[in-house]
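Residue numbering for the sequence shown is -23 to -1, 1 to 480, as defined by mature numbering (1 follows the signal peptide of the UniProt record, and there is no 0).
Right, one structure below, let's go through it.
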Amino acid sequence: MKYFKMLSVLSTILVICIERSLCISGPDLVVSNITESKVHVVWTPLKLPGKVIEKYRVSAYPLQSFGTDILKQNEWTFSNSSSRTDLVGLHPGTKYNVSVWAVTSDGRTDPTTKIVWTEVGDPEEPPAVEILEKNGKTMLVNIPVGLSDKGPITSYFVVPVQKSNIILFNPEELSNYSTSQETGLPYYIAANLPPEQANKSFTVGDGKTYNGYFNAPLSEEKDYEVVVGIVSSLNEVTKVSYSPVRSTLDDGIPGVSKAQTSSTLSVILSAAIGVCGFLLVLSVILYFLLRRHYGKRRPSDEMVLRVHEGDENGFVPGMLQLSEDADLSEVYETLREKYWQIPRSNLMVHQTVLGAGQFGEVREGVVHRRSQSIPCIVQHMQAPSLLGDKEKRALLCELDLMSRVGFHPNVVEFLGACDERDVLQVAIEHHPSSLRGLILRSRQPPGGKVSSLSEPLLLELASGIAQGMAHLADRGVAHQDSGIHSKKRSCIQGRKFEEFEKV
């Protein structure tokens, strides 16, 4: 029996020792950077001999709040290597029990706890203040009830605001009456009332002091409105929400209704539509009058004759016909024998670019032939061997066409080509003075004449053009664009007809 009692005492002592070995303190906890909905926590990682830290658990349980809704209990799990985090999704102005503990393979440590208040939030915006009575230097107003689930309602600011179109109400610049007089602001805090004053009347301008703010008498010469600020303070942090200024509300502007505003806008729009419609009708009438006036004028002196001839098989008279299996290189060598191969030393190309032709840039130049310098235009292009099949066929047709023209005093001369490896340069006689420019300059001379050119000169020009066209027809060349802009005139050599501007 004695042995049994001794064994029972030893068992009790052993159980107590085992229980004490499981009561391990949790990690140290530090809370910082507290905002309305977030708390930053840092804990010290634990090192327990013979035990493995599997994870850490952090909780934030609400203890006290100013809202009516039941707040949720927040818990988070973190890895064993974590030591800090931000607890987000918390409610403003709420007291939380923040705890952290470690979970081991044998159980959990004791939690380390901190009591934390989140920062107070903004109260709800109150409605516009109702003015009950105006009497000289005072106004009787009703203080609206402040509401907030983010903190306590601690007081009410009463702010008289002078109606002004220049300075708008700015809560950040609010101060007491004396400071507003010094800065020239048309608003100030007249009273700081306790929460019990809610839903009660208050006299603005009674000359008393309320919690350090002087409620100065109002000026009878000025018109005032009243703004009320709902004040919520907690742990030395204060948030204020102000009621709207009644004059800024659409339904609060004296003497102006929505119906009147809509009617004015309709009148303005109707007037604008009427003016625009009148201008449109006037523009249409003016257009037809101008068209009728200028339609009686004689037609343009420039007439363009285009030749579009061909049979059903695509044959065009005067054009080189190449079959699909034709040896284009052999055709090119045959054509080279029909025109002068200009040595490179006899061809000088200037930097002046006249434009771009079908096959490349067109520049001014000079060809030296038999001790004579001939102004020309030079088209710079790739050698036929480098062109595609379609481009090569078009180039061969043009070279064949120009080589068949020959020489005529009234037709611009194809001087020849300079073939250098990868570059082919085609030279054509160039006259800088065009017939079109001559005709245009001769129009509308004094005295009512049609042209300042004499009739013999006009007949000579027409004869030269006809002779040039006849020469081209004899050679089987169809000039596809026989307009005034295709004629060139040289003061030295007479009138010439140009075929090759397109090359």
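Positions of the beta carbon are idealized from the N, C-alpha and C atoms, including for glycine.
Q) CB P361 to CB L378, shorter than 8 Å? A) no
I need the DSSP call for R452, collapsed to helix, strand or coil. coil
Exercise. Taking Cβ positions, are N176 and V122 nearer each other than 8 Å?
Worked result: yes
_Helix, strand or coil at I143 [DSSP, three-state]_ = coil
request  = Please report the Cβ distance between V353 and A394, rounded to the nearest whole angstrom; I am assuming they are in contact, meaning their Cβ atoms lie under 8 Å.
outcome  = Checking the sequence shown, residue 353 turns out to be Cys, not Val. Taking the Cβ atoms as the reference, C353 lies roughly 11 Å from A394, outside the contact range of under 8 Å.
If the criterion is Cβ atoms closer than 8 Å, does the pair N387 and G453 meet it?
Result no, Cβ atoms of N387 and G453 do not sit closer than 8 Å.
Going by other Cβ atoms of all chains shown within 10 Å of its Cβ, with 16 needed for buried, is F384 buried or exposed? exposed
Could you check whether E13 and P88 sit closer than 8 Å to each other, using their CB atoms as the reference points?
No, the pair does not count as a contact, with Cβ atoms beyond the cut-off.
For E213 and P103, the rounded distance between their alpha carbons: 23 Å
Might you give, ordered along the chain, the residues of its own chain that have their beta carbon closer than 6 Å to the beta carbon of S9, omitting 5 neighbours on each side?
-> Hits under 6 Å: H17.
| request: Excluding the 5 residues preceding and the 5 following P171 in the sequence, name in chain order all residues of the same chain whose CB lies nearer than 7 Å to its CB. | output: Here the set comprises S132.
Kindly identify the DSSP beta-bridge partner or partners of D396. L401
field: Contact set for I(-6): own chain, Cβ-Cβ below 6 Å, skip 5 residues either direction
entry: Residue placement at I(-6) cannot be trusted, given a pLDDT of 46 that sits under 50; what the coordinates show is reported in the next sentence. Excluding residues within five positions, none has a Cβ falling inside 6 Å.
Margin query: To test your reading of the DSSP string, which unbroken beta strand (DSSP E) runs of 3 or more residues are found completely within the segment 319 to 373?
Written below: 324 to 333, 338 to 346 and 349 to 359
Outcome for I166 when other beta-carbon atoms lying within 10 angstroms are tallied against a minimum of 16: That one is buried.
field: Best match in S82, A37, T86 and T90 for proximity to L64 [C-alpha to C-alpha]
entry: A37
- If you drop the 5 nearest sequence neighbours on each side, which residues of the same chain put their C-beta closer than 8 Å to that of I92? Contacts found: L40, K72, Y73, N74 and V75.
Which same chain residues end up closer than 6 Å to P100 when comparing Cβ atoms and leaving out the 5 residues on each side of it in sequence? G123, S125, I207, S209 and S218
- Item | Residues near K369 in its chain [Cβ-Cβ closer than 6 Å; skip 5 each side] | L305 and P361
_For L417, report the span of its alpha helix (DSSP H) as first-last._
L412 to R418
Buried or exposed, going by whether 16 or more other CB atoms sit within 10 Å of the CB of P148?
exposed
- Query: According to the neighbour-count rule (16 or more other Cβ atoms, all chains shown, within 10 Å of its Cβ), is T311 buried or exposed?
  - Reply: exposed
Q. Does the segment 242 to 253 come close enough to the segment 175 to 193 that 3 or more CB-CB pairs lie under 8 Å?
A. no
What's the gap between the Cα of Q203 and the Cα of I144?
-> Sequence check: residue 203 is Val here, not Gln. One C-alpha to the other measures close to 15 Å.
C-alpha gap between E52 and G44, whole angstroms
21 Å
**OP:** Using DSSP bridges, identify the partner residues of I92.
**Re:** N74
Can L195 and K140 be called in contact, C-beta distance under 8 Å?
no
ask   = Just checking my contact of E406 with R321 at CB under 8 Å: how many whole Å lie between their CB atoms?
value = Contact between E406 and R321 does not hold, since their C-beta atoms are separated by about 19 Å, which reaches or exceeds 8 Å.
Strand pairing of G206, partner residues [DSSP]: F134 and Y219
Q) Around the Cβ of S348, are there at least 16 other Cβ atoms within 10 angstroms (buried) or fewer (exposed)? A) exposed
Quiz item: Near A248, which residues of its chain fall below 7 Å by C-beta distance, leaving aside the five closest residues on each side in sequence?
Solution: none
*Please work out which residues of its chain come closer than 8 Å, Cβ to Cβ, to G128, disregarding the five sequence neighbours upstream and downstream, and give them in chain order.*
F43, P69, G70, V97, G98, P100, S209, S210, L211 and K216
Along the alpha helix (DSSP H) that carries Q158, what are the first and last residues, could you check? Y154 to T160
Quiz item: Taking G3 as the reference, which of T86, V118 and L412 has the closest Cα?
Solution: Among T86, V118 and L412, the Cα nearest to that of G3 belongs to T86.
Q. Just curious, the alpha helix (DSSP H) that R313 is in, first and last residue?
A. L305 to R313
How close, in whole Å, do the beta carbons of Y190 and P137 come, if the pair is a contact with beta carbons under 8 Å?
No, Y190 and P137 are not in contact; Cβ-Cβ is about 11 Å, not under 8 Å.
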